[in-house]
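Presented below is the structure to which this report refers.
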Amino acid sequence: MKTLIRLVQFILSEIAELCSLISLAIMAIGFYTILPILVFFALLAFIFAGNWSWLLGVLIYVLIACAVFLIFKAIPEFLNFILGILLNEREENKKIYKKYEQWFESARNQEYERRRKDQEEYQKQQDREKQYWKEKSQEYSYYRHQQEYSREQYERKNNDYSNFDYQSTNDGEIIQKFEEYLAVLKIDKNGEINEDVIKKAYRREIKKVHPDRNSDQTANAKTQELNMVKEFLDNQLEYYLMQRRKG
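3 is the number of the first residue of the sequence shown in our numbering; add one for each residue after it.
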């Protein structure tokens, strides 16, 4: 029923608007045609007879034309207002606005929840990365300590003119770690090993994981790991070569 009434409202509104436009067009033509004639005779009456009645008639004519114009413009609006009351459009508009408020609140909550989850995931990623580097730092500190201890043992045995056997100390772990890091840089432990070989291998591998060329989230972690590997190999190179010659 409401659909039919709305259809009738639309048709009547269009008809009223069309009639209003036609009437206004006719009135405009008549107004702008008659007004100059009335003004002309009013001026003649005023100049030659001193009669104000024609000027007053022109003023009344203009006021009536304006009133008719406003009435024709108001007819479609008045018709829509009456039909709006019959259709209870105010309540319909309230329902529509309430639905919009509910949709907006739901969309805002979803956006907030999405951002909250993204922030939690980012924080977890940061925590995992910190934990990873904390473990790597502890591991590196341990091997540095082992290195210092092994060197002290080596120097002590050399001073005592004894044969140094790195298998009796923890040097075996350092040698093993050195060879594991060689594998990280893809260096053959049985081939030639020197500073240039390590430097070239490091540059080759760092290009693969550098953050500027790699969008992987673990690129920073891999870069730092390679830096740590190179530092360890540089520090242990002389010692490793010495032990390999002894072996």
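C-beta atoms are modelled at their ideal positions from N, C-alpha and C, and glycine is treated no differently.
Legend entry - Boundaries (first-last residue) of the alpha helix (DSSP H) holding ALA47: Taking the sequence shown and counting its residues from 1, the one referred to as residue 47 is at position 45. Counting along the chain, ALA47 falls outside any alpha helix (DSSP H), and DSSP gives it neither H nor E.
Legend entry - For GLY59, the three-state DSSP class (helix, strand or coil): Reading the sequence shown from its first residue, position 57 is the one you call residue 59. Of the three classes helix, strand and coil, the one that applies to GLY59 here is helix, per DSSP.
Legend entry - Assigned secondary structure, GLN245 (DSSP; H/G/I helix, E/B strand, else coil): As a position in the sequence shown, residue 245 is number 243, starting the count at 1. Per DSSP, reduced to three states, the secondary structure at GLN245 is helical.
Inset, instruction - Return helix, strand or coil for LEU187, following the three-state DSSP convention. - result: Counting from 1 along the sequence shown, the entry for residue 187 is found at position 185. If DSSP states are grouped into helix, strand and coil, LEU187 belongs with coil.
Inset, instruction - Using three-state DSSP, classify GLU115 as helix, strand or coil. - result: Along the sequence shown, one-based indexing puts residue 115 at 113. In the structure shown, GLU115 adopts helical secondary structure according to DSSP, grouped into three states.
Inset, instruction - Pick out whichever of PHE48, GLN128, GLU197 has its Cα sitting closest to the Cα of PHE234. - result: To locate residue 234, count along the sequence shown from 1; it is residue 232. For PHE234, the closest alpha carbon among the candidates PHE48, GLN128, GLU197 is that of GLU197.
Inset, instruction - Would you identify the three-state DSSP class for THR220, choosing helix, strand or coil? - result: As a first step, residue 220 is located in the sequence shown; it is residue number 218 there, counting from the start. In the structure shown, THR220 adopts coil according to DSSP, grouped into three states.
Inset, instruction - State whether the stretch 198-213 contacts the stretch 135-148, with contact taken as three or more CB pairs (one from each stretch) at a distance under 8 angstroms. - result: Between the stretch 198-213 and the stretch 135-148 there are fewer than three inter-stretch CB-CB distances shorter than 8 angstroms, so the stretches are not counted as touching.
Legend entry - For GLU194, three-class secondary structure by DSSP: By one-based count along the sequence shown, residue 194 stands at place 192. Coil at GLU194, not helix or strand.
Inset, instruction - Could you tell me which of VAL60, ASN111, LYS97 sits nearest to ILE36, measuring between CA atoms? - result: Here residue 36 corresponds to residue number 34 of the sequence shown, with the count starting at 1. Distance from the Cα of ILE36 is smallest, within the candidate group VAL60, ASN111, LYS97, for VAL60.
Inset, instruction - Between the Cα of ASN229 and those of TYR183, LEU239, ASN192, GLN245, spot the shortest distance and give me the residue it belongs to. - result: The residue you call residue 229 lines up with position 227 of the sequence shown. Looking at TYR183, LEU239, ASN192, GLN245, the one whose alpha-carbon comes closest to that of ASN229 is TYR183.
Inset, instruction - Answer with buried or exposed for ILE185, where buried requires no fewer than 16 other C-beta atoms within 10 angstroms of its C-beta. - result: As a working note, residue 185 is residue 183 in the sequence shown. Looking at the sequence shown, residue 185 is not Ile but Ala. By the 10 Å Cβ count, ALA185 comes out exposed.
Legend entry - Beta-carbon spacing of ILE208, THR225 below 8 angstroms: On the sequence shown, position 206 is the one that residue 208 refers to. On the sequence shown, position 223 is the one that residue 225 refers to. Yes; because the gap between Cβ atoms is below 8 angstroms, this pair is in contact.
Inset, instruction - Would you tell me roughly how many angstroms separate the C-alpha atoms of SER164 and VAL231, rounded to the nearest one? - result: Sequence index remark: in the sequence shown, residue 164 carries index 162 (1-based). Sequence index remark: in the sequence shown, residue 231 carries index 229 (1-based). Bear in mind that a pLDDT of 38 at SER164, under 50, signals an unreliable position, so the number given afterwards is only what the model happens to contain. Within the model, the alpha-carbon separation for SER164 versus VAL231 is close to 32 angstroms.
Inset, instruction - Determine the DSSP secondary structure at GLY174, reduced to helix, strand or coil. - result: Mapped onto the sequence shown, residue 174 falls at position 172. Three-state DSSP puts GLY174 in a helix.
Legend entry - Cβ-Cβ distance between TYR124 and ALA223 below 8 angstroms: Within the sequence shown, numbered from 1, the residue matching residue 124 stands at position 122. Within the sequence shown, numbered from 1, the residue matching residue 223 stands at position 221. It is not a contact, given that the beta carbons lie outside the stated cut-off.
Legend entry - Beta-carbon separation (whole angstroms), LYS179 vs TYR145, contact threshold 8 angstroms: Taking the sequence shown and counting its residues from 1, the one referred to as residue 179 is at position 177. Taking the sequence shown and counting its residues from 1, the one referred to as residue 145 is at position 143. Rounded, the Cβ-Cβ distance is 6 angstroms, consistent with contact.
Inset, instruction - Express the C-alpha separation of LEU46 and LEU72 in angstroms, rounding to a whole number. - result: Numbered from 1 along the sequence shown, position 70 holds the residue referred to as residue 72. Numbered from 1 along the sequence shown, position 44 holds the residue referred to as residue 46. Cα-Cα distance, rounded: 31 angstroms.
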